[in-house]
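Residue numbers (the UniProt record's numbering): 1 to 529.
Worksheet: the structure to be examined is printed underneath.
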């Protein structure tokens, strides 16, 4: 029987973030037989605390001790390379920014040529950041990496991704690749920050089973960061609850789950999220300017649309028409082609010119510029959130929506500034105006990007997993807001999600993709019942 011993100890720790002191005089001890989950609402400080375990946050007071060496009684305050591996939204952002400097790059044939394939990323040389021409031995034998790689690939079912460039895989698939890469490193501590974010139902269950196997094997410790109760796995032994940058509860999982804080946090766990929309406030939306052009009845029309990259067909023979006043849900597994379908509508994918596609009754390639198309479209997605400039204020981010740029490079008119202010007021995010976009929570960032999408009063609103990574309160807030938006304005909506309980009531039609083809298409009632 393994004896429990100290693994990580935080003694009277206070963290500093800019000029602000947080988690003041914090005490937390992790033992070698424990796996923890950090839970709390958006903006509570979960990810900051996880970063502190990686020594990525300034420690203003106290000490973090790591008992990682073979002599378990001796501690150190520093980390060696590979001791702690963290998979988080920032990890994905860094990976994509390294190989694709702008969000449309994945659709350009000339971009990503130098990007590694998934197979190359899952190699010892890549993990140890070695040059392809370096001949010195790896710190870990290549045969060991190969054995770990085979296990990780099988566990996560990603063999089909190996030949693909990393910039050409979907958001959810990228996350699975990063987790496989982490498993290959066999760290002392693996931190998984929102690991199920962006995954379809099947992929979530596969990943849950994989993590449960890792927990049961006890080869390394895991700290899980989540806002959803269903993601607290069976193998998690302890919970740490945070709120407003402080620890409010900690202890054995079964005990902490019964506390008032956790019961309040997960109050709607057995309730369809729609049932609580009555608590969402009544929104008053700004009116479009008198000069706003009206759009015809047809918003999107695709005829036999197909998209291929080399030998890989991503979309095949898509026939689909979306009319003004309709609100479509686009469903499908990771890699089904949803994001590629959206790229054809958003004027990001040059293969649109090789297909029979009409947007707003105008054929692609008939002389309409991509900016003229984008003027009618508002867009929110996790990828947009990844590529947004870190030093920009939330108000500047909203104003950038007038120009469809990821960053504000032009001055707005007084009317545009007034419109941006009105939308931020309408969405109840006035208080965020002067704060940096990177300094607000994921839920607040999503509302800022929604305001950015709406400032143009678009005819079509495209939302790619708008509730991804959000807690119950923020999900309810956004879904209620979208229902009112569809009811009170002339906007039509395309909504992508992997969670049926996050689908607004306003959704009238469903398009379900499977392996690049249409599996189901029709009214919501006919498809989902």
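Where is the CB? At the ideal position from N, CA and C, for every residue including glycine.
Do residue 507 and residue 347 have their C-beta atoms within less than 8 Å of each other?
-> no
May I have a chain-ordered list of the beta strand (DSSP E) segments no shorter than 3 residues that lie completely inside the stretch 279–364?
-> You should have 298–309, 312–323, 327–332, 356–359.
Would you call the CB atoms of residue 96 and residue 189 closer than 8 Å?
-> no
So, are the CB atoms of residue 67 and residue 83 less than 8 Å apart?
-> no
Would you check if the stretch 214–225 and the stretch 111–129 touch, i.e. whether three or more CB-CB distances between them fall below 8 Å?
-> Contact between the stretch 111–129 and the stretch 214–225 is absent: fewer than 3 CB-CB pairs across the two stretches fall below 8 Å.
Inter-residue spacing [alpha-carbon to alpha-carbon] between residue 75 and residue 146 = 31 Å
Have a look at residue 472 and residue 283 and give me their C-alpha separation to the nearest angstrom.
-> 19 Å
Note the first and the last residue of the continuous alpha helix (DSSP H) segment covering residue 382.
-> 382–387
Presumed contact (8 Å Cβ cut-off) between residue 514 and residue 336, rounded CB distance = With 8 Å as the limit, residue 514 and residue 336 qualify as a contact, their Cβ atoms being about 6 Å apart.
Tell me, to the nearest whole angstrom, how far the beta carbon of residue 391 is from that of residue 453; I am working on the premise that it is less than 8 Å.
-> 21 Å between Cβ atoms; not a contact.
Which value, in whole angstroms, describes the spacing of the CA atoms of residue 456 and residue 179?
-> 38 Å
Nearest neighbour of residue 499, chosen from 87, 521, 465, 493 [CA to CA] = 465
Kindly indicate which three-state DSSP category residue 248 falls into: helix, strand or coil?
-> strand
Round the Cβ separation of residue 557 and residue 7 to the nearest angstrom and send it over; I've been treating them as touching at under 8 Å.
-> Because residue 557 is not part of the residues shown, which for the chain are 1 to 529, the question remains open.
Taking all protein chains shown into account, decide if residue 163 is buried (16 or more other Cβ within 10 angstroms of its Cβ) or exposed.
-> exposed
Taking residue 451 as the reference, which of 460, 476, 425, 470 has the closest Cα?
-> If we check each option's Cα against that of residue 451, 425 comes out closest.
Does DSSP put residue 448 in a helix, in a strand, or in coil?
-> helix
Considering only residues of the same chain and omitting the five flanking positions on each side of residue 496, which have a CB-CB separation below 6 Å?
-> 330, 338, 464, 465
Per-residue burial, residue 296 [other beta carbons within 10 Å of its own, 16 or more giving buried] | exposed
Cβ pair count under 8 Å reaching 3, the stretch 401–416 against the stretch 483–496 | no
Spatial distance of residue 351 from residue 171 (CA atoms) | 20 Å
Tell me the DSSP bridge mates of residue 168?
-> Answer is none; residue 168 lacks a bridge partner.
Considering only residues of the same chain and omitting the five flanking positions on each side of residue 206, which have a CB-CB separation below 7 Å?
-> 156, 157
Residues bridged to residue 509 [DSSP beta-bridge criterion] = Note: residue 509 sits in a beta bridge opposite 328, 523.
With residue 201 as the anchor, note down where its beta strand (DSSP E) starts and where it stops.
-> Segment 201–217 is the alpha helix (DSSP H) holding residue 201; no beta strand (DSSP E) there.
Confirm, please, whether the CB-CB distance from residue 17 to residue 64 is below 8 Å.
-> no
Through-space distance from residue 349 to residue 378, alpha-carbon basis = If you take the alpha carbons of residue 378 and residue 349, they lie about 17 Å apart.
Just curious, the beta strand (DSSP E) that residue 226 is in, first and last residue?
-> 221–226
Might you give, ordered along the chain, the residues of its own chain that have their beta carbon closer than 6 Å to the beta carbon of residue 395, omitting 5 neighbours on each side?
-> Non-local beta-carbon contacts of residue 395 in its own chain, meaning distances under 6 Å to residues more than five positions away in sequence, involve 433 in chain order.
Could you have a look at residue 29 and say whether DSSP puts it in helix, strand or coil?
-> strand
Residue 241 - DSSP class collapsed to helix/strand/coil = Here residue 241 carries a strand assignment [DSSP, helix/strand/coil].
Could you spell out where the beta strand (DSSP E) holding residue 12 opens and where it closes?
-> 6–17
Classify residue 392 as helix, strand or coil using the three-state DSSP reduction.
-> coil
Excluding the 5 residues preceding and the 5 following residue 42 in the sequence, name in chain order all residues of the same chain whose CB lies nearer than 7 Å to its CB.
-> 227, 441, 442, 443, 470, 471, 474
Would residue 87 pass as a contact of residue 240 if the rule is Cβ separation under 8 Å?
-> no
One or two residues paired with residue 140 in a DSSP bridge = Bridge partners of residue 140: none, in fact.
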